[in-house]
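Input: a single structure, listed below in structure tokens.
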Amino acid sequence: MRPSLTSRLGTLRHVADDTEAVTMDKIVSLCRRRGFVFPSSEIYGGLGSTYDYGHYGVLMKNNIRAQWFRTMVQERDDMVALDSAVILNPRVWEASGHVAGFSDPLIDCKTCKLRFRADRLEDSHCGQKPSKRPGETSACELTEARQFNLMFQTQVGAMEDGSSTAFLRPETAQGIFINFKNVMQLARRKPPFGIAQTGKSFRNEITPGNFLFRVREFEQMEMEYFVPPDEAQHWYEYWLEQRFQWYLDLGLRRDRLRIREHEAGERSHYSSATSDIEYLYPMGWLELEGVANRGDFDLTAHTTHSGTKLEWVGQDGERYTPHVVEPAVSIERIFVAMLVDGYDEEVVADRDRTVLRLHPQIAPVKAAILPLVAKSDEMVSKARALQDELRHRHMVEYDDGGQIGRRYRRQDEIGTPWAFTIDEQTLEDDTVTVRERDSLAQERLPLSGVRSWLEDALDRPWRPDPGRCLKSSGDPGV
Ligand code: GAP
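Residue numbers (this note's numbering): 6 to 483.
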């Protein structure tokens, strides 16, 4: 039997009242301070809205991708994986409609020389000081709106004429459609079945911003589910529900998630129905993930343009072009939502602590291993042995630098759910203290049982603590 938890909650008090908000500034600052994410090319002055991920950012991104892959592929019989090229034959983008229509309306200001999205002028700031909305003063000289294609162009091979022009993919989805026939035959699949892939996509966004929320280079996780035409509506509803539940299972708070169905005029050219799963970011309710019923648009378009029939043909002669349901999201949008959802500040025993209450499966480091006295060879050697035992299966971190309280704070800030402390008692009876990030409860465990304890803990469902108080404000001005 496990020893009971010794709660230290009596010493805990939240700093903020219900009205205080998690701002994007707090998230950006934590990411920078702890090396999750920092501006890219900084020694050259940066490159607007481009970021590099440090150690903990890489670990957290890997965990988000791994959870998606586990749920979408590993735990299902009806799914196969794909990793298609980033640069495809440019005709793919003609067939898909991206060359003609993947654009946003662009407006230039001849006075401040900045460019704005015509449909987002309200949210934009012009270059004058103090900054105004574009067009707000008579000094602004705005051009008529023109369409600006968001695809990045590049050249394939040594020739630099028009024949070598190619594009960096703006979505991973098209790589899936053009492989439909290959995969269906080689993986011996029959609709309904899905093809899932993760990978970088590139969009020359006119107004990137809000940290990682809208960037020009991001990692998409997309799945195209091919179904008999008369089942499309059923699978559209099914995937919307599945994807919504996935966020709840990973601990995002229910009251910060909602589903918003697109109105007819808002939908992409290929879609007959689309819903966004929205999250209450500090900027307000915004798209986290999109779930679309793409009908037979893509397979029909590629059949027409390539001359290869992309259809299902059954042994009994039945044939049809499958319809497609697509859940699509970027790791960046999940990354930000999870940081905002998990961020909290409180006072514990009269000292401030910032804590990231991430789902343990998402947390970059699963457990910290802390010898209480760094100068004690015996403690260090037991801590190192525990680290060696755990690190084969889990990302753990050894830390012997500074006071134990400081070390706990460092781990709280990067979201480490558990810390194992090796102390004097360990040397007497081979037990360690385990401290929980969320409750601050502590208990003693036999050293030999730590590994199985950690594995059980990682398997347990996790829910955010309803008593936390920092809120996502949803105020566009924050
Ligand atoms: N294949 C469909 C497709 O790409 P989308 O709504 O344009 O649809 C899908 O993009 C998802 O990709 C969005 O829900 C969002 O999570 C993410 N996404 C799109 N543009 C992004 C950007 N500039 N930065 C970060 N994530 C982005």
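Every residue gets a Cβ at the ideal spot worked out from N, C-alpha and C, and that includes glycine.
Is any non-hydrogen atom of the ligand GAP found closer than 7 Å to the C-beta of residue i, if you look at the structure I gave you?
i	result
residue 293	yes
residue 72	no
residue 3	As shown, the chain starts at 6 and ends at 483. That puts residue 3 outside it, with no answer to give.
residue 223	yes
residue 129	no
residue 329	no
residue 334	yes
residue 567	This structure cannot speak to residue 567, because the chain is shown only from 6 to 483.
residue 178	yes
residue 460	no
residue 141	no
residue 338	yes
residue 227	yes
residue 265	no
residue 208	yes
In its own chain, which residues sit with a C-beta less than 6 Å from the C-beta of residue i, not counting the 5 before and 5 after it?
i	result
residue 113	120 and 148
residue 176	206
residue 297	276, 279 and 331
residue 233	196
residue 440	424 and 447
residue 435	452
residue 123	110, 112 and 150
Mark residue i as exposed unless 16 or more other C-beta atoms lie within 10 angstroms of its C-beta, in which case mark it buried.
i	result
residue 187	exposed
residue 88	exposed
residue 477	Only weak support is given to the placement of residue 477: the predicted model assigns it a pLDDT of 45, under 50, and the question is left unresolved by the model.
residue 371	buried
residue 39	buried
residue 442	buried
residue 208	buried
residue 127	exposed
residue 168	exposed
residue 337	buried
residue 143	exposed
residue 299	buried
residue 428	buried
residue 486	As shown, the chain starts at 6 and ends at 483. That puts residue 486 outside it, with no answer to give.
residue 23	Low confidence applies to residue 23: its pLDDT is 37, below 50, so where it sits in the model is not reliable enough to give any reading.
residue 134	exposed
residue 480	For residue 480, the predicted model reports a pLDDT of 34, less than 50, meaning its position is unreliable; a value from the coordinates is still stated below. Exposed, because fewer than 16 other Cβ atoms sit within 10 Å of the Cβ of residue 480.
residue 49	exposed
residue 295	buried
residue 466	exposed
residue 55	exposed
Looking only at its chain, what residues have a beta carbon closer than 7 Å to the beta carbon of residue i, apart from the 5 residues adjacent to it on each side?
i	result
residue 145	114, 116, 131 and 139
residue 103	156 and 175
residue 97	179 and 183
residue 363	343, 347 and 420
residue 52	45 and 46
residue 192	85
residue 318	324
residue 16	Below a pLDDT of 50, predicted positions are generally treated as unreliable, and residue 16, at 38, falls in that range; the measurement from the model is reported next regardless. Here the set comprises 353 and 354.
residue 310	96, 99 and 100
Keeping to the same chain, check which residues put their C-beta closer than 8 Å to that of residue i; ignore five residues upstream and five downstream.
i	result
residue 468	256
residue 335	206, 223, 224, 225 and 226
residue 308	314, 315, 316 and 326
residue 152	108, 109, 110 and 111
residue 200	84, 85, 86, 87, 181, 184, 185, 188, 228, 229 and 231
Since I believe residue j is in contact with residue i (beta carbons under 8 Å), could you give me their beta-carbon distance rounded to a whole number of angstroms?
i	j	result
residue 170	residue 160	7 Å
residue 449	residue 395	With a Cβ gap of about 18 Å, residue 449 and residue 395 do not count as contacting.
residue 418	residue 373	Rounded, the Cβ-Cβ distance is 12 Å, inconsistent with contact.
Tell me whether residue i counts as near the ligand ATP, meaning its Cβ is closer than 7 Å to at least one heavy atom of that ligand.
i	result
residue 384	Ligands displayed in this structure: the ligand GAP; the ligand ATP is not among them.
Review point. Does the stretch 50-67 come within contact of the stretch 318-335, defined as at least 3 CB pairs closer than 8 Å?
Key: no
Check your understanding: Given 8 Å as the limit, is there contact between the stretch 71-82 and the stretch 376-383, that is, 3 or more CB pairs closer than that?
Key -> no
Review point. Should the stretch 238-251 be called in touch with the stretch 449-465, which here means at least 3 C-beta pairs below 8 Å?
Key: no
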